[in-house]
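**Q** Below is the structure I would like to discuss, written out as structure tokens.
2 protein chains.
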Amino acid sequence: MDYDRQCMSDRIRSVLTARIFDGTLKAGDRLVELEIAREFDTSQTPVREAFRELESLRLVDCVPYRGTRVREISEREMVEAYTVRGALEQLAAELAAPLLQGDVTEIRQSLGLIHAAAREGDIEAYARHNMDFHRAIVVASDNEVLIHSWERLAFEARVRLHLRRHNEPNLSLRALEHDPVVDALEIGDGKTAGRLLREHAESCKHRWCERVRDADSQTDTNSPDVQQMNASCLS
Amino acid sequence: MDYDRQCMSDRIRSVLTARIFDGTLKAGDRLVELEIAREFDTSQTPVREAFRELESLRLVDCVPYRGTRVREISEREMVEAYTVRGALEQLAAELAAPLLQGDVTEIRQSLGLIHAAAREGDIEAYARHNMDFHRAIVVASDNEVLIHSWERLAFEARVRLHLRRHNEPNLSLRALEHDPVVDALEIGDGKTAGRLLREHAESCKHRWCERVRDADSQTDTNSPDVQQMNASCLS
DNA sequence: TGGCGAAATATTATCGATAATATTTCATCG
DNA sequence: CGATGAAATATTATCGATAATATTTCGCCA
């Protein structure tokens with residue numbers, strides 16, 4: 001049997017997800033069912049199903065009889081997500097440390113790629129490898145529910161949003177925060193690794209807040225709205 | 001405008017959710033689209049949309065061209081969920097404590113109802129008020145992302161499953177674990193409240209594990225499969 | 001008797017059309 | 001002019017039917 005079978009609705013969902021992640025679809029953009037149906041040369045039905053899934057991933061908002069739009073990610077939600085992420089990754093590190101038994105080769109490999117991307121100033125690559133790094137730790141916890149909860153934060157979108165906000169002045173400096181985490185995991189010290197990861201999340205959050213404040217004060221007179229800000233970030 | 005508008009698919013979703021929670025639909029049960037469509041006197045389309053939402057709530061499993069079933073909740077997943085729940089509620093307490101400013105009236109009210117239900121041996125009421133208690137703390141964190149992550153654990157189903165596993169020998173004793181949490185919150189000690197909540201989740205997890213072990217050793221010869229176990233628990 | 005494969009059956013995935021609802025346009029009136 | 005509301009338009013929600021796929025039944029043969 002063909003288990004890789006893909007329904008039309010699944011294809012549509014992945015394409016739309018990718019577009020939201022890569023910024024082709026910006027926060028607030030309207031998604032019209034028949035338009036997308038035409039694009040995929042299909043009927044309305046699979047498009048609607050795709051929308052429902054995107055909605056439960058919190059990537060879009062559906063309002064009955066009024067349509068579907070790419071969800072705004074408010075500054076507040078961003079901060080909240082960092083907080084939750086910190087707690088989940090702390091737990092992940094604590095669970096992962098005894099399971100890894102000192103074998104952090106995979107995680108250290110991601111770390112190497114992070115540093116390389118930082119040196120070259122490649123923001124896209126940095127974001128990707130950064131996600132891989134954090135995901136590797138979460139997956140190492142071997143707790144499916146935790147992995148699922150973490151994935152649902154859809155941090156990928158948020159990380160890219162974050163890095164594009166302004167050109168990160170010092171990507172390499174930021175990358176260095178990851179090193180002691182791996183060192184702690186290697187010697188099986190989950191508590192320390194967890195604490196460091198949580199602090200890392202907090203420091204990312206604070207950097208984000210500072211930037212938003214800076215950006216707001218610059219454009220204070222004519223554009224104080226978060227909605228606009230997010231739209232431009234994702235583009 | 002009528003913002004309470006309910007689509008057919010939403011109605012179907014809520015009814016099916018309720019049936020899964022209250023045990024009318026048991027783990028493993030098949031859900032046939034046209035059967036449900038007939039029952040609600042509607043077409044297949046809204047039923048399918050409802051299924052998609054239930055799937056993203058992890059209440060059912062959909063396999064392309066093979067149908068939809070109520071999801072099994074394995075023993076392992078149960079344990080994993082307790083672990084994640086502990087971490088999320090710990091964070092919630094830490095965030096909530098400074099915001100509550102000593103006002104724990106609502107939380108203490110839930111606690112009273114928990115004790116009352118425990119005294120009367122009313123398992124349904126205990127489960128309900130227990131959820132209200134924990135939710136009240138999570139909501140008090142005022143972190144939407146955290147609240148959402150916690151709700152998604154769909155702990156309601158799991159708590160009922162847990163309590164019905166066998167008649168809880170001492171509901172009142174168990175209820176007492178909640179009291180020091182509220183005391184800590186009242187004096188603004190979020191760290192302690194959080195630690196206690198996490199320990200509470202751990203102790204629930206361990207009680208659960210012991211029971212599963214007991215039940216397994218009893219029926220060891222003819223029914224060692226978790227699948228069957230969960231099915232009967234939900235009934 | 002038991003395994004194999006083709007028809008029969010059951011069910012899901014998708015379609016094209018229509019009903020229900022929201023939004024826009026625009027003529028009318030004060 | 002600006003407000004108002006009815007028609008026109010756009011879009012979503014649902015329908016009934018069909019195509020695609022999986023499962024079952026059952027006759028056939030070794």
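In order, the protein sequences belong to chains W and G.
According to this note's numbering, the stretch in the first sequence is residues 1 to 235, in order.
According to this note's numbering, the stretch in the second sequence is residues 1 to 235, in order.
Backbone N, C-alpha and C define an ideal beta-carbon position, used for all residues, glycine too.
Note that the structure is a prediction, hence the values are computed from the model and not measured.
#1: With a Cβ-Cβ cutoff of 9 Å, do G/Val60 and G/Ile12 count as a contact?
#2: Exposed or buried, G/Lys191, counting other C-beta atoms within 10 Å across all chains shown (16 or more means buried)?
#3: So what's G/Asp189 in DSSP terms, helix, strand or just coil?
#4: Starting from W/Leu31, follow its DSSP beta bridges and name the residues at the other end.
#5: How far does the alpha helix (DSSP H) with W/Thr63 in it extend, from its first residue to its last?
#6: Could you tell me which whole beta strand (DSSP E) segments of length 3 or greater appear in the region 36-111 of chain W?
#7: Within a Cβ cutoff of 6 Å, which residues of the same chain sit near W/Ser141, ignoring the five residues on either side of it in sequence?
#8: I want to see whether chain G comes within less than 9 Å of W/Ala87, judged by CB atoms only; does it?
#9: Mind checking if W/Gln6 is an interface residue toward chain G, Cβ cutoff 9 Å exclusive?
#10: Evaluate the contact criterion for the region 127-147 of chain W versus the region 80-91 of chain G: three or more CB pairs, one atom per stretch, below 8 Å.
#11: CB-CB under 8 Å to W/Cys62, same chain, minus the five flanking residues each way: which ones, in chain order?
#12: How would you label W/Gln44, buried or exposed, when you count the other beta carbons within 10 angstroms and need 16 or more for buried?
#13: Mind listing the chain W neighbours of G/Val145? Cutoff is C-beta to C-beta under 8 Å, in chain order.
#14: Along the chain, where does the alpha helix (DSSP H) containing W/Ala125 start, and where does it finish?
#15: Can you tell me the Cβ-Cβ gap for W/Arg85 and W/Ala193, rounded? I've got them flagged as a contact below 8 Å.
#16: When you compare each of G/Val139, G/Cys7 and G/Asp10 to G/Glu106 by their alpha carbons, which one comes out closest?
#17: Give the residues of chain W in contact with G/Glu124, contact being defined as C-beta atoms less than 7 Å apart.
#18: Can you give the Cα-Cα distance for G/Cys209 and G/Lys26, rounded to whole angstroms?
#19: Determine, for G/His148, whether the minimum Cβ-Cβ distance to residues of chain W falls below 9 Å.
#20: Could you check whether the Cβ of W/Asp10 sits closer than 9 Å to any Cβ belonging to chain G?
#21: G/Glu49 touches chain W at which residues, Cβ-Cβ below 8 Å?
#22: With respect to the alpha helix (DSSP H) encompassing W/Glu177, which residues constitute its N-terminal and C-terminal limits?
#23: Give a yes or no on whether the minimum CB-CB distance between W/Pro64 and chain G is below 9 Å.
#24: Report back the beta-carbon spacing between W/Val182 and W/Leu111 to the nearest angstrom; my notes put them in contact at under 8 Å.
#25: Return the residue from the list W/Asp179, W/Phe40 and W/Ala125 that minimises the CA-CA distance to W/Val104.
#26: In whole angstroms, what is the alpha-carbon distance linking G/Thr17 and G/Glu49?
#27: Please state whether the Cβ-Cβ distance between G/Glu75 and G/Val212 is less than 9 Å.
#28: Taking G/Asp132 as the reference, give the member of G/Gly188, G/Ala118 and G/Leu113 with the closest Cα.
#29: Would G/Leu153 pass as a contact of G/Leu88 if the rule is Cβ separation under 9 Å?
#30: Counting C-beta neighbours from all protein chains within 10 Å, is the total for W/Ser9 16 or more, i.e. buried, or is it exposed?
#31: Would you mind telling me which residues of chain W sit closer than 7 Å to G/Thr45, beta carbon to beta carbon, in chain order?
#32: Would you mind sorting W/Asn170 into buried or exposed? The rule is 16 or more other CB atoms within 10 Å of its CB.
#33: Count the other CB atoms within 10 Å of the CB of W/Gln6; is the residue buried (16 or more) or exposed (fewer)?
#34: Excluding the five sequence neighbours on either side, which residues of its own chain have a C-beta within less than 6 Å of the C-beta of W/His115, listed in chain order?
#35: Using the beta-carbon count (16 or more within 10 Å), is W/His134 buried or exposed?
#36: Can you tell me where the alpha helix (DSSP H) with G/Thr17 in it begins and where it stops?
**A** According to the data block:
#1: Not a contact, by the Cβ cut-off of 9 Å.
#2: Residue environment analysis places G/Lys191 among the exposed positions, since fewer than 16 neighbouring C-beta atoms fall within 10 angstroms of its C-beta.
#3: Residue state, collapsed to three classes: coil.
#4: DSSP links W/Leu31 through a beta bridge to W/Thr68.
#5: Sequence check: residue 63 of chain W is Val here, not Thr. Per DSSP, W/Val63 belongs to no alpha helix (DSSP H); it is in the beta strand (DSSP E), Val60 to Val63.
#6: DSSP runs (the beta strand (DSSP E)) wholly in the region 36-111 of chain W: 60-63 and 67-70.
#7: Cβ neighbours of W/Ser141 beyond the five flanking positions: Ala92, Leu95 and Ala96.
#8: Answer yes: the Cβ-Cβ gap between W/Ala87 and chain G drops below 9 Å somewhere.
#9: At a cut-off of 9 Å between C-beta atoms, W/Gln6 counts as an interface residue with respect to chain G.
#10: Yes, they touch.
#11: The beta carbon of W/Cys62 lies closer than 8 Å to those of Phe51, Arg52, Glu55 and Thr68 in the same chain, with the five residues before and after it left out.
#12: Classification of W/Gln44: exposed, given that the 10 Å Cβ count is below 16.
#13: Neighbours of G/Val145 in chain W, taken as residues at a C-beta separation under 8 Å, are given in chain order as Glu77, Glu80, Ala81, Thr83, Val84 and Leu153.
#14: Element bounds for W/Ala125: Ile123 to Ala140.
#15: Contact doesn't hold; Cβ gap of about 15 Å is too wide.
#16: Closest by alpha carbon: G/Val139.
#17: The contacting residues do not exist; G/Glu124 stays about 25 Å from chain W at best.
#18: Looking at the two C-alpha atoms, the distance is approximately 21 Å.
#19: For G/His148, the closest Cβ of chain W is nearer than 9 Å.
#20: Yes, W/Asp10 lies at the interface with chain G (some Cβ there is under 9 Å from its Cβ).
#21: Around G/Glu49, the beta-carbon contacts reaching into chain W at under 8 Å are Arg48, Glu49 and Arg52.
#22: For W/Glu177, there is no enclosing alpha helix (DSSP H), as DSSP marks it with neither H nor E.
#23: Yes, contact with chain G.
#24: Contact annotation, W/Val182 with W/Leu111: C-beta distance approximately 6 Å; criterion of less than 8 Å satisfied.
#25: Taking only the C-alpha atoms, the option nearest W/Val104 is W/Asp179.
#26: When the Cα atoms are used, G/Thr17 and G/Glu49 turn out to be separated by approximately 13 Å.
#27: Yes, they are a contact pair.
#28: Comparing Cα positions, the closest option is G/Leu113.
#29: G/Leu88 is positioned such that its CB atom lies closer than 9 Å to that of G/Leu153.
#30: By the neighbour-count rule (16 or more Cβ atoms within 10 Å), W/Ser9 is buried.
#31: Scanning chain W for C-beta atoms nearer than 7 Å to the C-beta of G/Thr45 yields Thr45, reported in chain order.
#32: Exposed, because fewer than 16 other Cβ atoms sit within 10 Å of the Cβ of W/Asn170.
#33: Looking at its Cβ environment, which holds fewer than 16 other Cβ atoms inside 10 Å, W/Gln6 is exposed.
#34: Within the same chain, Ala175 come within 6 Å of W/His115 by CB-CB distance, once the 5 residues on both sides are set aside.
#35: Buried.
#36: Its alpha helix (DSSP H) spans residues Met8 to Asp22.
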